[in-house]
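In full-length UniProt numbering, the protein residues as written are 1 to 402. For glycine and all other residues, C-beta sits at the position ideal for the given N, C-alpha and C. Notes for the one structure printed next.
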Amino acid sequence: MAPHSDAYWEERFSGRARQRIQSSTIRELLKLTRQPGIISFSGGLPAPELFPVEALAAASERILRDKPSEALQYGPTEGYPELRECIAAQQGVEPEEVLIVSGSQQGLDLLGKVFIHPGDQVLVEAPTYMGALQAFNPYEPEYLSVQLGDTGLEMDVLEAALQTRPKFMYALPTFQNPSGWLLDLAQRQQLVELAARYEVPLIEDDAYAALYFNGKPLPTLFELDRARGSNNVIRLSTFSKTLTPGLRVAWVIAPKVVIRKLVQAKQGTDLHTPSFNQMLVYEVAQGGLGPQIERIRAKYQRNRDLMHAALSAHMPVSVRWNRPEGGMFLWLRLPEGMSATELFKRSIEQKVAFVPGLPFHANGGGENTLRLSFSQPTETQIQEGIARLGQAVESLLGMVSS
Ligand SMILES: Cc1ncc(COP(=O)(O)O)c(C=O)c1O
Numbered sequence: 001m002a003p004h005s006d007a008y009w010e011e012r013f014s015g016r017a018r019q020r021i022q023s024s025t026i027r028e029l030l031k032l033t034r035q036p037g038i039i040s041f042s043g044g045l046p047a048p049e050l051f052p053v054e055a056l057a058a059a060s061e062r063i064l065r066d067k068p069s070e071a072l073q074y075g076p077t078e079g080y081p082e083l084r085e086c087i088a089a090q091q092g093v094e095p096e097e098v099l100i101v102s103g104s105q106q107g108l109d110l111l112g113k114v115f116i117h118p119g120d121q122v123l124v125e126a127p128t129y130m131g132a133l134q135a136f137n138p139y140e141p142e143y144l145s146v147q148l149g150d151t152g153l154e155m156d157v158l159e160a161a162l163q164t165r166p167k168f169m170y171a172l173p174t175f176q177n178p179s180g181w182l183l184d185l186a187q188r189q190q191l192v193e194l195a196a197r198y199e200v201p202l203i204e205d206d207a208y209a210a211l212y213f214n215g216k217p218l219p220t221l222f223e224l225d226r227a228r229g230s231n232n233v234i235r236l237s238t239f240s241k242t243l244t245p246g247l248r249v250a251w252v253i254a255p256k257v258v259i260r261k262l263v264q265a266k267q268g269t270d271l272h273t274p275s276f277n278q279m280l281v282y283e284v285a286q287g288g289l290g291p292q293i294e295r296i297r298a299k300y301q302r303n304r305d306l307m308h309a310a311l312s313a314h315m316p317v318s319v320r321w322n323r324p325e326g327g328m329f330l331w332l333r334l335p336e337g338m339s340a341t342e343l344f345k346r347s348i349e350q351k352v353a354f355v356p357g358l359p360f361h362a363n364g365g366g367e368n369t370l371r372l373s374f375s376q377p378t379e380t381q382i383q384e385g386i387a388r389l390g391q392a393v394e395s396l397l398g399m400v401s402s
């Protein structure tokens with residue numbers, strides 16, 4: 001018998017799989033960035049030379065020697081108790097308010113699973129993290145969006161949206177992926193107060209909180225909310241950007257009743273986050289990740305400066321960009337009417353890649369924007385890549401205005 005065609009399987013996919021779980025055009029385009037010789041500013045990948053390989057190797061050996069049956073056995077869905085307690089202590093919450101997840105990406109999926117009814121409204125920033133839209137989409141939300149720009153969130157639009165009582169708002173106040181923006185203290189306070197007033201839970205995705213380059217970190221939405229005596233904020237964070245994404249260890253902090261529901265949802269997904277990985281993270285992180293994070297900050301800050309200077313040297317004056325105070329991304333705005341997707345096609349011919357802004361917008365828009373990641377490239381790649389990108393912009397500008 002011959003094997004079945006793809007159509008045999010495809011016609012059996014659920015409506016949800018067909019309509020709500022799809023590869024975007026952008027994802028298809030991004031496959032091109034894996035060609036050899038490409039200078040990539042596209043991936044949101046940590047710099048691999050900063051992974052603490054030796055500390056992880058030593059911890060692996062210790063764990064396998066001293067606690068093999070715990071490391072290699074099934075574990076509690078809530079997470080490895082020592083790690084859970086350590087995170088709870090650091091965050092000033094009770095262990096029962098913490099769930100360890102297999103990457104904050106899984107946290108987003110589980111939150112979508114337990115909160116979103118088909119047709120529910122979910123409020124997001126524009127732009128927002130594309131991976132969150134992918135996590136929420138299968139649960140069939142409708143999106144409301146509020147613009148995040150040079151002056152932060154459009155507060156009037158935000159309040160009007162919150163008044164319509166969406167199911168929750170998903171916010172990235174600290175060095176946002178994709179834009180690198182940092183919401184200032186006044187807007188953080190306003191956001192927390194408005195969300196509480198209209199009884200709209202906030203989901204704060206804080207993957208980049210530790211990666212600030214100067215000064216002191218701002219209080220999180222979670223902290224501001226708890227300081228008011230409220231419990232309206234759910235916070236996600238991860239070891240992916242401070243330690244390594246390969247271990248897939250992250251956490252959700254939420255009221256206990258929410259954690260209990262997320263635990264039930266997680267049982268149906270993967271039973272628990274890998275025990276060995278959680279123990280590794282605990283071993284390496286329990287004494288604090290201070291020096292490790294300092295190295296990451298120093299490298300990313302230097303790369304941010306290099307990229308900023310290269311952009312100033314090579315971009316036409318009509319192109320604008322920000323100078324993020326932390327994180328891994330910089331956001332670039334082309335003149336109105338110019339398409340970053342078209343620019344992508346041109347720049348890939350010059351062997352330079354970035355991510356066009358369109359897929360970071362839940363309700364369309366942002367065609368003239370793009371994300372540049374500065375965490376991974378070398379100094380030479382930044383100089384050379386931005387010079388080539390500048391040429392690609394010049395040539396596209398020539399076409400648009402002629
Ligand atoms: C804002 C944001 N949230 C979540 C994630 C997923 O992180 P994790 O590796 O913990 O799943 C990322 C990864 O890039 C991110 O940028």
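Not one heavy atom of ligand 1 sits closer than 8 Å to the Cβ of Asn232. By the Cβ-count criterion, Met1 is exposed, with fewer than 16 other Cβ atoms from all chains shown falling within 10 Å of its own Cβ. At the C-beta level, Thr33 and Ser23 stay beyond 9 Å of one another. Fewer than three pairs of CB atoms, one per stretch, sit closer than 8 Å, so the region 286 to 301 makes no contact with the region 114 to 128.
The beta carbon of Leu389 sits closer than 6 Å to those of Ser347 and Val352, all from its chain and outside the five residues before and after it, given in chain order. The nearest non-hydrogen atom of ligand 1 is 8 Å or more from the C-beta of Leu397. Counting along the chain, Ser60 sits inside the alpha helix (DSSP H) bounded by residues Val53 to Asp66. For Tyr170, no alpha helix (DSSP H) encloses it; the enclosing beta strand (DSSP E) starts and ends at Phe168 to Ala171. In this structure, Asn277 has its CB at a distance of at least 8 Å from all heavy atoms of ligand 1. Taking a cut-off of 8 Å for Cβ pairs, the region 273 to 282 and the region 72 to 83 touch, as three or more such pairs fall below it. Scanning Val258, Pro178 and Ala254 for the CA closest to the CA of Trp321 turns up Pro178. Thr341 sits in a helix when the DSSP states are folded into three classes. Straight across, the Cα-Cα distance linking Leu311 with Ser318 is about 12 Å.
The continuous beta strand (DSSP E) containing Gln121 extends over residues Gln121 to Ala126. Here Ser230 carries a coil assignment [DSSP, helix/strand/coil]. The region 161 to 180 and the region 207 to 223 touch, with three or more beta-carbon pairs separated by less than 8 Å. Rounded to the nearest whole angstrom, the CA to CA distance from Glu199 to Gln189 is 15 Å.
The region 245 to 300 contains, as complete alpha helix (DSSP H) runs of 4+ residues, the segments 256 to 267 and 275 to 285 (chain order). When Gln90, Lys67 and Gly37 are compared, the shortest CA-CA separation from Gly287 is found for Gln90.
Within its own chain, the residues whose Cβ lies closer than 6 Å to the Cβ of Asn137, once the five positions on either side in sequence are excluded, are Arg20, listed in chain order. The region 326 to 345 and the region 358 to 373 touch, with three or more beta-carbon pairs separated by less than 8 Å. Here DSSP, grouped into helix, strand and coil, assigns Gln105 to helix. When distances are taken from the beta-carbon of Tyr74 to the heavy atoms of ligand 1, even the shortest one reaches 8 Å or more. Fewer than three pairs of CB atoms, one per stretch, sit closer than 8 Å, so the region 221 to 228 makes no contact with the region 60 to 68. Taking non-hydrogen atoms of ligand 1 into account, the C-beta of Tyr129 is found less than 8 Å away from one of them. Secondary structure note for Glu142: its beta strand (DSSP E) is the uninterrupted segment Glu142 to Gly149. A Cβ-Cβ separation of about 6 Å places Ala254 in contact with Glu97 under the 8 Å criterion. By the neighbour-count criterion, in which 16 or more other beta carbons inside 10 Å mark a residue as buried, Asn363 falls on the exposed side. Residue selection by CB proximity (closer than 5 Å to any heavy atom of ligand 1) returns Gly44, Gly103, Ser104, Gln105, Tyr129, Asn177, Asp205, Ala207, Thr238, Ser240, Pro245 and Ala250 in chain order. One alpha carbon belongs to Ala57, the other to Ala285, and they sit about 14 Å apart. In summary, Glu283 is buried, with 16 or more beta-carbon neighbours lying within 10 Å of its beta-carbon over all protein chains present. At the C-beta level, Gly103 and Val281 stay beyond 9 Å of one another. Taken atom to atom, the span from the alpha-carbon of Leu247 to that of Ser240 is near 8 Å. As DSSP reads the structure, Ala353 sits in a beta bridge with Ser40.
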